[in-house]
Each structure stands twice: as C-alpha cells, then as structure tokens.
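In full-length UniProt numbering, the protein residues as written are 1 to 315.
Glycine included, every Cβ here is placed at the ideal spot set by N, Cα and C.
As structure tokens, the structure follows; a few thoughts come after it.
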C-alpha cells in the first residue's frame, strides 16, 4: 500500500510539475508508437498491390469512428486483401471473438507470404458458419499468390477494377491456421460460444494445434518457478523441482510454435494465420517471436550491443 501511495505521489508530481507529457513514464512510448505507425507498412514494397489499408476503403471523415467500433483493440489501419469490402469486414467481426478479425501483421519480402492474426471463430455447439469469414481467410492466401514478392514477377494488376481477374489468376499456397490451443481446449470452447476452424469449410487451409497452456496455467507455473528460485537450492532435487514447474515446457512449446510459423513463411512460402481463444496472450507471443526469427536484424552485433546497453542501464 505504501508503495502504491508513493507511486501515486510521483505521478501527481510529474503531472503538475510543468514537465512535457512525453516525459511521464509510458507516455514517451505512446508518442513514439504514434509517430512510427505509418512506417510499419513501409518495409513491404509492393504489398499495396494486393493488400490495402482498410481505412482507404471508406471515407476519411468516418474512418476513425467506424474502425473503433469494429474492434477497439485494433489500430485504425488494418491490412486486408484489397477486394474485401467494409460490409464483409463488419460481418467477419461479428463472427470473431472480441471482433478481432484476421489482419496481416507481417509480409515476407522475397516470397510474399504473410503472417496474420485474429481471435477464435464463434462456432459454438451449433456449428455456425460465416461465409464472409471463410472468404476473408482464403482471400489472404490468394493475395499472397497474386503478389509473390521480389523473387517472382507479379501475376496480375491489382487495381480495384480488376478484382474478379485477380481472384482467379493464381493458385495460392495452402494457408496454415495455427491454433495455439490444444484440440481438446478448442472444442471445449464451443460450449462458451467459441471453437476452431473446420478444414471442410475453409478450403486450401490446414489447421494445426500447438497445445499451449492458457494464461492461468502460465501464471501458476511462473509462481512455482519464482518459489523454486527464491529458496536455497538443493543440488539433489533442484532440477526435478524446476521441471515440476513446467516453465521450460511452456517455453519449449512457444518456441516450437514460432519456429513452425517462421519455417512455413520463409522456407515453404505459405501464409500463416495465428490465433488462440481471444487473440491476445498466446497469439502476440507467437507472432512477435516469429517476426524476430524472420528478421535478420536481430542476428546482428548491433542488436547484441543494444541489448547489452539496456541490461547495463537497468537500475
């Protein structure tokens, strides 16, 4: 309680002390993120031929309001296939948990394969389907085939007037739908209105389950790990105590999932769609780690230098 009061006093002092808002704790990161919002789409030359920001498909004066209503936890600019309409996106949002529709978050420069993320479909025990959701998922794979990256020439022009020819011009790779949950957990979610994709309804798609634990199991595992590390180590049973926390097992499964995504995109040229139940805990971990594995920058000495500097600068 005393720590919380001290933190509150610090915040109040910083707020009223005449300091710029950018210097208040996390506000600097927020300002930086807003400034870097547009360049996030720039490292993908040519992607606008088949993927477009959904904000461009509606009048600019209502774009912010519309897409805050579509999904409050998504940014204002979403990358989707250029022929997908706003009405279709709204229908997909009504079918996905928390309205987190499938959107592209990474594109491979050489082969054009993308990584997309979303939340689980709301299948429920009744086995509901959504034609627009199925169309959007398969369209992501088609868009990758139409614009295969710098290693291959473009197949067709991707103007909005040529949408019909675009959809039939190329044979897409089989899209990998990576469900971070186990098959048992995915089916059990149908009792709460969720579920997983059925390969019969999503043509040219493959569903793979990773069996990652949910956030509650991860929290318990970390608490056990902290308890083991805070005690006086006993050489005779320390390794068995560490294994009993299942922390290394959780890390192993997450790494395996990230490697599976990166290999599918880099080696096989396949688009990947990642989700778990609600699309927040396990989904961003897998996607972010896969993007790090795919980016050569994180295998340079400069990154090692920056990481070392950050560790040394910690209080």
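- [ ] Keeping to the same chain, check which residues put their C-beta closer than 6 Å to that of residue 182; ignore five residues upstream and five downstream.
- [x] Indexing the chain shown from 1 puts residue 182 at position 182. Excluding positions up to five away in sequence, the list reads 209 and 211.
TODO: Could you pull the start and end residues of the beta strand (DSSP E) that residue 95 belongs to?
DONE: Looking up residue 95 in the chain shown gives position 95. No beta strand (DSSP E) contains residue 95, which DSSP labels as neither H nor E.
- [ ] For residue 177, I'd like the list of residues in its chain whose CB is within less than 6 Å of its CB, leaving aside the five on either flank, ordered along the chain.
- [x] On the chain shown, position 177 is the one that residue 177 refers to. Excluding sequence neighbours, residue 177 sits near 197, 205, 207 and 273.
Open item on the list: Considering only DSSP beta bridges, list what residue 275 is partnered with.
Closed with: As a first step, residue 275 is located in the chain shown; it is residue number 275 there, counting from the start. DSSP, once it has assigned bridges, lists 179 as partnering residue 275.
Task: Counted within 10 angstroms of its Cβ, other Cβ atoms place residue 283 as buried (16 or more) or exposed - done: The residue given as residue 283 occupies position 283 in the chain shown. It is buried - the Cβ of residue 283 has at least 16 other Cβ atoms within 10 Å.
Task: Cβ-based burial, residue 134 [other Cβ within 10 Å; buried from 16] - done: Counting from 1 along the chain shown, the entry for residue 134 is found at position 134. Counting Cβ neighbours within 10 Å, residue 134 comes out buried, since at least 16 surround it.
TODO: Rounded to whole angstroms, what's the CA-CA distance from residue 104 to residue 95? Just pull it up for me.
DONE: Position 104 of the chain shown, counted from the first residue, corresponds to residue 104. Position 95 of the chain shown, counted from the first residue, corresponds to residue 95. Looking at the two C-alpha atoms, the distance is approximately 18 Å.
- [ ] Report yes if the CB atom of residue 277 is closer than 8 Å to the CB atom of residue 189, and no otherwise.
- [x] Numbered from 1 along the chain shown, position 277 holds the residue referred to as residue 277. Numbered from 1 along the chain shown, position 189 holds the residue referred to as residue 189. Yes, these two residues count as a Cβ contact at 8 Å.
- [ ] Count the other C-beta atoms from every protein chain shown that fall within 10 angstroms of the C-beta of residue 287, then say buried if there are 16 or more, exposed otherwise.
- [x] Locating residue 287 in the chain shown gives position 287, where the first residue counts as 1. The residue is buried, with at least 16 neighbouring Cβ atoms inside 10 Å.
Open item on the list: I'd like to know if the region 256-270 and the region 112-119 are in contact, where contact means that at least 3 CB-CB pairs between them fall below 8 Å.
Closed with: yes
Open item on the list: Based on DSSP bridge pairs, tell me the residues matched to residue 288.
Closed with: By one-based count along the chain shown, residue 288 stands at place 288. Beta-bridge pairing links residue 288 to no other residue.
- [ ] Tell me, to the nearest whole angstrom, how far the beta carbon of residue 293 is from that of residue 262; I am working on the premise that it is less than 8 Å.
- [x] Position 293 of the chain shown, counted from the start, is the residue given in the question as residue 293. Position 262 of the chain shown, counted from the start, is the residue given in the question as residue 262. Indeed, because the Cβ distance is near 4 Å, the residues count as touching under 8 Å.
Open item on the list: Taking DSSP's pairing of strands, which residues face residue 209 in a bridge?
Closed with: Within the chain shown, residue 209 is the residue found at index 209, counting from 1. DSSP lists 179 as partners of residue 209.
Open item on the list: Does residue 245 pass the burial test, meaning 16 or more other C-beta atoms within 10 Å, or should it be called exposed?
Closed with: Counting from 1 along the chain shown, the entry for residue 245 is found at position 245. When all chains shown are included, residue 245 counts as buried.
Task: Backbone CA spacing between residue 89 and residue 225 [nearest angstrom] - done: Looking up residue 89 in the chain shown gives position 89. Looking up residue 225 in the chain shown gives position 225. So the two alpha carbons sit approximately 43 Å from each other.
- [ ] Given a cut-off of 8 Å, decide if residue 258 and residue 213 are closer than it, judged by their beta-carbon atoms.
- [x] For the purposes of this step, residue 213 is identified with residue 213 of the chain shown, where counting begins at 1. For the purposes of this step, residue 258 is identified with residue 258 of the chain shown, where counting begins at 1. The answer is no: Cβ separation not under 8 Å.
Task: Three-state secondary structure (DSSP) of residue 105 - done: Taking the first residue of the chain shown as 1, we reach residue 105 at position 105. If DSSP states are grouped into helix, strand and coil, residue 105 belongs with the strands.
Open item on the list: Please report the straight-line C-alpha distance between residue 194 and residue 144, rounded to a whole angstrom.
Closed with: Counting from 1 along the chain shown, the entry for residue 194 is found at position 194. Counting from 1 along the chain shown, the entry for residue 144 is found at position 144. Approximately 28 Å between the Cα atoms of the pair.
TODO: Name the two residues that bound the continuous beta strand (DSSP E) containing residue 117.
DONE: Counted from its first residue, the chain shown places residue 117 at position 117. It spans 114-117 - the beta strand (DSSP E) in which residue 117 sits, taken as one unbroken run.
Task: Reference residue 107; option with closest CA among 85, 4, 149 and 100 - done: On the chain shown, residue 107 is found 107 positions in, with the first residue counted as 1. Out of 85, 4, 149 and 100, 149 has the C-alpha closest to the C-alpha of residue 107.
Task: Minimum C-alpha distance to residue 92 - residue among 131, 139, 280 and 199 - done: Within the chain shown, residue 92 is the residue found at index 92, counting from 1. The shortest C-alpha separation from residue 92 is found at 131.
- [ ] Go ahead and label residue 142 buried or exposed: buried means 16 or more other beta carbons lie within 10 angstroms of its beta carbon, across all protein chains shown.
- [x] On the chain shown, position 142 is the one that residue 142 refers to. Result: buried.
- [ ] List the endpoints of the continuous alpha helix (DSSP H) containing residue 134.
- [x] Mapped onto the chain shown, residue 134 falls at position 134. Where residue 134 is concerned, the enclosing alpha helix (DSSP H) stretches over 131-146.
- [ ] Pick out whichever of 78, 102, 75 and 71 has its Cα sitting closest to the Cα of residue 136.
- [x] If you number the chain shown from 1, residue 136 lands on position 136. Minimum Cα distance to residue 136 is reached at 102.
Open item on the list: Is the beta carbon of residue 124 closer than 8 Å to that of residue 97?
Closed with: Walking along the chain shown from the start, residue 97 turns up at place 97. Walking along the chain shown from the start, residue 124 turns up at place 124. The answer is no: Cβ separation not under 8 Å.
Open item on the list: Taking the alpha helix (DSSP H) that residue 249 belongs to, which residues open and close that run?
Closed with: On the chain shown, residue 249 is found 249 positions in, with the first residue counted as 1. 247-266 is the extent of the alpha helix (DSSP H) around residue 249.
Open item on the list: With distance defined between alpha-carbon atoms, name the residue in 228, 139 and 82 nearest to residue 175.
Closed with: The residue labelled residue 175 in the question sits at position 175 within the chain shown. Nearest option by C-alpha distance: 139.
- [ ] Examine the ligand GDP and report whether any of its heavy atoms sits within less than 7 Å of the Cβ of residue 89.
- [x] With respect to the ligand GDP, the structure offers nothing, as it holds no ligand at all.
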